[in-house]
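*Asks:* Going by this note's numbering, the first residue of the sequence shown is number 109, and it counts up by one from there.
Beta carbons are placed, not taken as given, at the ideal position from N, Cα and C, and that holds for glycine.
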Amino acid sequence: MINKMITSPFLLPAMYKAIIFISIGLMRVCLISVVLTGLIFFSCKENTKMDFDYNSIPSTYHMKGEVIIDSMMSPQSVDFYKSSIFSIESGGKYKLKVYDNETGHEVYSAIEGGRGVNEMLQPWTLCVRGDTCWIFDLILKKMIGICNPNNPNCTICKEFVFKDRNSEMVIPKTNSTFIGIGFSDSLKQFTEYNGSGQIIRTFGSFPDIVPKNFVEGAEDALFYGTVYKSKIGLSYEQKRIAVAYTRFNMIDIFDFEGRLLKRIRGPEEINVKVERVSPRPGMVMYDASPKYLAYRQIKTGQEEIWVSHSGVVLTRDNYLQTVPHKIYCFSWDGELIRELQFDIPVNDFAIDWENKKLYCLSEHLYPCVYFFSLKGII
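Now the structure itself:
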């Protein structure tokens, strides 16, 4: 019976076709497997490749400066505009202090502490855009804009509260639109607001370098907002956003539509693991191990991105040693240009691009601002 089936002139071509079809199918499966394996290997390789390390830094400058402001109470952040240094304070009666950049003398104070109109509880970020100084309150989720901030007779020209979003950092894109980052219910990295605090859109994807250990959906916002903590800076001319991550040696550059243009990794590879923990019933947190501190502050100019870097694993005893002592400078194309090294801790910094001056907020023995010349460097 079997011999008859094989030698049948009608069954033979059909059987050959079946064998050929199966063979081609197997070849396709094998080819797809090989391609997928290659892609997975390539992706993993891309995700872990270092773009620079401590031995490949193009140039290093050892910075020497001098104290210009030494009578500060509890400074949180600094910025520069025209001939003034701005500082937001976490304590004291006034939350904004303005100093002359030549003498270091205080010019005026503004914004009293409180929950009322023209008041703030916890100013968190400070950014001067155009002729307006913008201050974001982390607790009240409030933004206050001060017009003509270089003048002691300045006025508060804008005040509003952000709606429907728990942003942890908000900076001006223009004087009527703002970009925020933080816990994201939309699972997008950025939120754009209008001048009344209403959401215009959410855009940009979070990285995917830490595997999640929970069912998709329930805790996504908490996971992304906690694991991928970052600071951002904008290029208004090139329409780009730079994101410096605090837990990973990684900087991402996006366009204003949220497309990832460049990912920079360096100066060392640190494999961070994140675990879901419940300290008590009903409470969910994410704990990183090791507690590595990478990029801390970011400031951007028309041509460059500057980020301060710690590169230290946090322990119970070394908190004071985790404040950065170096700044890395990149182009907006993601190329490392230079490293600046300091003999003081750099809590924050501001750059006078036009006059090539750098101001560093340092809290070593007491809060103060140091001045550094950037001539011959930029």
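Taking residue 331 and residue 305 to be in contact with their CB atoms under 8 Å, please state how far apart those CB atoms are, rounded to whole angstroms.
*Replies:* Rounded to whole angstroms, the Cβ separation of residue 331 and residue 305 is 26 Å, and the two are not in contact under 8 Å.
*Asks:* Which runs of the alpha helix (DSSP H), 4 residues or longer, sit entirely within the region 363-435?
*Replies:* none
*Asks:* So what does DSSP say about residue 331, is it helix, strand or coil?
*Replies:* helix
*Asks:* Does the distance between the C-beta of residue 167 and the nearest non-hydrogen atom of the ligand MN fall short of 7 Å?
*Replies:* Although the ligand MN was asked about, the structure shown includes no ligands whatsoever.
*Asks:* Since residue 229 contacts residue 247 with CB under 8 Å, what's their CB separation in whole angstroms?
*Replies:* 5 Å
*Asks:* Kindly indicate which residue of 388, 317 and 193 has the alpha-carbon position closest to the one of residue 478.
*Replies:* Cα-wise, what sits closest to residue 478 is 193.
*Asks:* Quick one: Cα of residue 435 to Cα of residue 447, how far?
*Replies:* 6 Å
*Asks:* Within 10 Å of its beta-carbon, does residue 316 have 16 or more other beta-carbons around it, so buried, or fewer, so exposed?
*Replies:* exposed
*Asks:* Are the beta-carbon atoms of residue 201 and residue 214 separated by less than 8 Å?
*Replies:* no
*Asks:* Would you list the one or two residues that DSSP bridges to residue 242?
*Replies:* 235 and 253, per the DSSP bridge assignment.
*Asks:* Quick check: what's the CA-CA separation for residue 278 versus residue 454?
*Replies:* 22 Å
*Asks:* State the beta-bridge partners of residue 450 as determined by DSSP.
*Replies:* Partner(s): 171.
*Asks:* Is residue 185 helix, strand or coil by DSSP?
*Replies:* strand
*Asks:* How big is the Cα-Cα spacing for residue 232 and residue 366?
*Replies:* For residue 232 and residue 366, the distance between alpha carbons rounds to 24 Å.
*Asks:* Using three-state DSSP, classify residue 318 as helix, strand or coil.
*Replies:* DSSP places residue 318 in coil when its eight states are reduced to three.
*Asks:* Look at the alpha carbon of residue 222 and the alpha carbon of residue 274, and state the distance between them as a whole number of angstroms.
*Replies:* Roughly 20 Å separates the two Cα atoms.
*Asks:* Determine the burial state of residue 433: buried for a count of at least 16 other Cβ atoms within 10 Å of its Cβ, exposed for fewer.
*Replies:* buried
*Asks:* For residue 475, which residues does DSSP report across the bridge?
*Replies:* 471
*Asks:* Taking C-alpha atoms, which residue in 470, 482 and 483 lies nearest to residue 181?
*Replies:* 470
*Asks:* Tell me the residue span of the beta strand (DSSP E) that contains residue 307.
*Replies:* 307-311
*Asks:* Run through DSSP, which three-state label would residue 270 get?
*Replies:* coil
*Asks:* Can you tell which of 451, 472, 483 and 318 has the C-alpha that lies nearest to the C-alpha of residue 170?
*Replies:* 451
*Asks:* Quick check: what's the CA-CA separation for residue 328 versus residue 295?
*Replies:* Taking the straight line from one Cα to the other gives about 7 Å.
*Asks:* Who are the near neighbours of residue 288 in its chain, counting only those whose CB is closer than 6 Å to its CB and skipping five residues on each side?
*Replies:* 275, 278 and 299
*Asks:* Label residue 126 either buried or exposed according to how many other C-beta atoms from any shown protein chain fall within 10 Å of its C-beta, with 16 as the threshold for buried.
*Replies:* A caution first: residue 126 carries a pLDDT of 40, below 50, which makes its placement in the model unreliable, though a value can still be read off. The residue in question, residue 126, is exposed, as its Cβ has fewer than 16 Cβ neighbours within 10 Å.
*Asks:* Are there 16 or more other CB atoms within 10 angstroms of the CB of residue 333, so buried, or fewer, so exposed?
*Replies:* buried
*Asks:* Give the C-beta separation of residue 405 and residue 397 to the nearest angstrom, bearing in mind that I take them to be a contact with Cβ-Cβ under 8 Å.
*Replies:* With 8 Å as the limit, residue 405 and residue 397 do not qualify as a contact, their Cβ atoms being about 24 Å apart.
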